[in-house]
Amino acid sequence: MIPNQEQQAAQALVREIKNLAGKYAKRMRFMEVCGTHTMAIHAAGLKSLFPDNISLVSGPGCPVCVTEKHFIDHAILLAKKYDATVVTFGDLVRVPGSTGSLASWRSEGGSVRVIYSPLDSIEVALSQLPRPAVFLGVGFETTIPTVAATLKAAQARGVENLFVLPAFKTIHQPLKILAEQQDLNGFLLPGHVSAIIGSDCYRYLSEDFGKPGVIAGFEPLDILLAVRDLVRMTLEKSPAILNDYQRVVRHHGNPVARQIMNEVFEPADASWRGLGMIPRSGLAFRESYARFDAAARFPVEVPESKDDPRCLCAAILTGSRTPDRCGLFGKECTPEEPVGPCMVSSEGTCAAYYKYGAV
Ligand code: SF4
């Protein structure tokens, strides 16, 4: 499709959304669960195209943002005590911990290596022998299968100094909690995660909670189409789960990726920024891969961590606040000097508002 045709298609969808929304007397609040959607929505200025009675709020789908400060503290204390190299994706490096970030610790001489794929952690570990290399296991179902495949490869190659500090999250349990919010009318469901877990597994949203959900891609047209479908289902009181991203997402997702993930990890309770401890919303090592568990292999006392009470990240991640309600936004908290993770992450809502404005 050429750009002009895309523009015409977008204009037609916006007209349809306005027409449908005009028939609905109340407000409609939809949650975009995934941080990549948040960025795409703001980059394209889509919010400014919607009528006043439609609002999109962010959800807990930015893995860096939902990872608690305690985890950063844990990683730094562990690495200091055991002289380990921290191996991580770049987004985590500047997330503030209680006494500084991984970046500030690196500037004091700490060993931090940034990688772009979990598989790179094997080469980092081998280059550090016999020093332990601890990969920070932050991510959702999109990332976890690759981490699991990395550990299988490390096992096969006999790499003995690679470990993972796990803070993995899975999406269904928090979605069930959020679906109980009366003022949320539906969900823009994540495209990347759904490519792994499939579209069939969200049925509880419509069947148990009466909320529609639409799996969407990341182009402006994808998002407009999904919002159109959410508005239509809300208006017609016919909640269902639609897959508007069929060029990537299948009904059953990617069973091979899930099998690898299930071979290495099993469900475990996990603590989420904004949502607290949620049973079976994370992953722990299965017995046969327990030797990779950095938390068990390198015990360390981690004091209780407290967030800056002025930071609204926790409320932003559950859709109950927007960054422009935070008194620190753009003043004491900027991407250069972040106070909370939502301003650091490339998928963070505060970073999206800062970069593109509240549109
Ligand atoms: S602007 Fe900064 S301090 Fe405010 S909620 Fe966002 S990350 Fe937290």
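The sequence shown begins at 98 in my numbering and counts up one residue at a time. A virtual CB, placed ideally from N, CA and C, is assigned to each residue, including glycine. Predicted, not measured: the structure shown is a model, and the values here were computed from it.
Practice item. Kindly indicate which residue of A392, G424, K428 and F186 has the alpha-carbon position closest to the one of A172. Key: Counting from one through the sequence shown, the residue named residue 172 turns up at place 75. Answer by Cα proximity: A392.
Check your understanding: With burial defined as no fewer than 16 other Cβ atoms inside 10 Å of the residue's Cβ, what is the status of H348: buried or exposed?
Key -> Here residue 348 corresponds to residue number 251 of the sequence shown, with the count starting at 1. By the 10 Å Cβ count, H348 comes out exposed.
Review point. Using a Cβ-Cβ cut-off of 7 Å (strictly less than) and excluding sequence neighbours within five positions of E360, which residues of its own chain qualify?
Key: Numbered from its first residue, the sequence shown carries residue 360 at position 263. Closer than 7 Å at the Cβ level, and outside the excluded window around E360, lie A245.
Check your understanding: Just reading off the beta strand (DSSP E) that S303 is part of, what are its end residues?
Key -> Working through the sequence shown from its first residue, we reach residue 303 at position 206. That residue, S303, is in no beta strand (DSSP E); its alpha helix (DSSP H) goes R300 to F306.
Practice item. Ignoring anything shorter than 4 residues or poking outside the segment 143-227, list the alpha helix (DSSP H) runs there in chain order. Key: 160-163, 166-179, 199-204 and 217-225
Point to revise | Where the beta strand (DSSP E) through L339 begins and ends | key: Residue 339 sits at position 242 when you count from the first residue of the sequence shown. Unbroken beta strand (DSSP E) run through L339: I338 to N340.
Review point. Any idea which residues DSSP pairs F266 with across the strands?
Key: Translated into positions along the sequence shown, residue 266 becomes position 169. The sequence shown places Lys at residue 266, rather than the Phe named in the question. G379, per the DSSP bridge assignment.
Check your understanding: How about N258 and A292: do their beta carbons lie closer than 8 Å?
Key -> Numbered from 1 along the sequence shown, position 161 holds the residue referred to as residue 258. Numbered from 1 along the sequence shown, position 195 holds the residue referred to as residue 292. With a cutoff of 8 Å on beta-carbon distance, N258 and A292 are scored as not near each other.
Check your understanding: By how many angstroms is the C-alpha of G142 removed from the C-alpha of R203?
Key -> To locate residue 203, count along the sequence shown from 1; it is residue 106. To locate residue 142, count along the sequence shown from 1; it is residue 45. Each residue's Cα considered, the two are about 37 Å apart.
Review point. Is C423 near the ligand SF4, in the sense that its beta carbon is under 7 Å from a heavy atom of that ligand?
Key: As a first step, residue 423 must be located in the sequence shown, where it is residue number 326. Correct: C423 has its Cβ closer than 7 Å to the ligand SF4.
Exercise for review: Could you spell out where the alpha helix (DSSP H) holding D319 opens and where it closes?
Suggested key: In the sequence shown, residue 319 corresponds to position 222, counting from 1. P317 to E333 is the span of the alpha helix (DSSP H), which, as asked, contains D319.
Practice item. Please report the residue range of the beta strand (DSSP E) in which P364 lies. Key: Translated into the one-based positions of the sequence shown, residue 364 becomes position 267. First-last of the beta strand (DSSP E) with P364: F362 to W369.
Practice item. Give a single yes or no on whether I274 has its beta carbon closer than 7 Å to a heavy atom of the ligand SF4. Key: Along the sequence shown, read from residue 1 onward, the residue named residue 274 stands at position 177. Every heavy atom of the ligand SF4 is 7 Å or more from the Cβ of I274, so no.
Check your understanding: In its own chain, which residues sit with a C-beta less than 7 Å from the C-beta of L146, not counting the 5 before and 5 after it?
Key -> Residue mapping note: residue 146 aligns to position 49 of the sequence shown, counting from 1. These residues qualify, in order along the chain: V111.
Review point. Taking one C-beta from the segment 420-436 and one from the segment 179-190 each time, how about it: are there three or more such pairs within less than 8 Å?
Key: Too few Cβ pairs lie closer than 8 Å, so no.
Review point. If you pair each beta-carbon of the segment 225-239 with each one of the segment 260-270, do three or more pairs fall below 8 Å?
Key: yes
Check your understanding: Do you know offhand how far G307's Cα is from P336's?
Key -> As a first step, residue 307 must be located in the sequence shown, where it is residue number 210. As a first step, residue 336 must be located in the sequence shown, where it is residue number 239. Near 6 Å, if we compare the C-alpha coordinates of P336 and G307.
Exercise for review: Answer yes or no: does any C-beta atom of chain B fall closer than 8 Å to that of Y342?
Suggested key: Any reference to chain B falls outside this structure, which holds one protein chain only.
Exercise for review: List the endpoints of the continuous alpha helix (DSSP H) containing L248.
Suggested key: Along the sequence shown, one-based indexing puts residue 248 at 151. L248 -> alpha helix (DSSP H) spans I241 to R254.
**Study point:** Enclosing alpha helix (DSSP H) for G283 [first to last residue]
**Key:** Along the sequence shown, one-based indexing puts residue 283 at 186. From DSSP, G283 is part of no alpha helix (DSSP H) but of the beta strand (DSSP E) over G283 to L286.
Check your understanding: How do the segment 447-456 and the segment 405-425 stand: do at least 3 beta-carbon pairs fall below 8 Å, yes or no?
Key -> yes
Point to revise | C-alpha gap between A412 and S443, whole angstroms | key: Translated into positions along the sequence shown, residue 412 becomes position 315. Translated into positions along the sequence shown, residue 443 becomes position 346. Using only the alpha carbons, I get a separation of about 19 Å.
Practice item. Express the C-alpha separation of Q252 and M374 in angstroms, rounding to a whole number. Key: Numbered from 1 along the sequence shown, position 277 holds the residue referred to as residue 374. Numbered from 1 along the sequence shown, position 155 holds the residue referred to as residue 252. Taking the straight line from one Cα to the other gives about 31 Å.
Check your understanding: How many Å lie between T331 and C159 at the Cα?
Key -> In the sequence shown, the residue the question calls residue 331 occupies position 234. In the sequence shown, the residue the question calls residue 159 occupies position 62. In this model, T331 and C159 are separated by some 26 Å (Cα to Cα).
Point to revise | Pairwise C-alpha distance: D326 and Y342 | key: Taking the first residue of the sequence shown as position 1, residue 342 is located at position 245. Taking the first residue of the sequence shown as position 1, residue 326 is located at position 229. The C-alpha of D326 is placed about 13 Å away from the C-alpha of Y342.
Review point. Taking Cβ to Cβ, would you say C131 is nearer than 8 Å to G288?
Key: Counted from its first residue, the sequence shown places residue 131 at position 34. Counted from its first residue, the sequence shown places residue 288 at position 191. Yes, these two residues count as a Cβ contact at 8 Å.
**Study point:** Counterpart residues of L259 in DSSP-defined beta bridges
**Key:** The residue given as residue 259 occupies position 162 in the sequence shown. In the DSSP output, where bridge partners are listed per residue, L259 has A230.
Practice item. Could you pull the start and end residues of the alpha helix (DSSP H) that C439 belongs to? Key: Residue 439 sits at position 342 when you count from the first residue of the sequence shown. Residues P438 to V441.
Point to revise | Reduced DSSP category for R126 - H, G, I as helix; E, B as strand; rest coil | key: The residue you call residue 126 lines up with position 29 of the sequence shown. Reduced to three states, the DSSP call for R126 is strand.
Check your understanding: From W369 to R355, what does the alpha carbon distance come to, in whole angstroms?
Key -> Along the sequence shown, read from residue 1 onward, the residue named residue 369 stands at position 272. Along the sequence shown, read from residue 1 onward, the residue named residue 355 stands at position 258. When rounded, the distance between both Cα atoms is 22 Å.
Check your understanding: How big is the Cα-Cα spacing for S303 and G283?
Key -> One-based indexing of the sequence shown puts residue 303 at position 206. One-based indexing of the sequence shown puts residue 283 at position 186. The alpha-carbon atoms of S303 and G283 are separated by roughly 9 Å.
Review point. What is the DSSP secondary structure of F426, reduced to helix, strand or coil?
Key: Your numbering for residue 426 matches position 329 in the sequence shown. Strand, per DSSP.
Exercise for review: Put D390 into one of helix, strand or coil per three-state DSSP.
Suggested key: For the purposes of this step, residue 390 is taken as the residue at position 293 of the sequence shown. Strand at D390.
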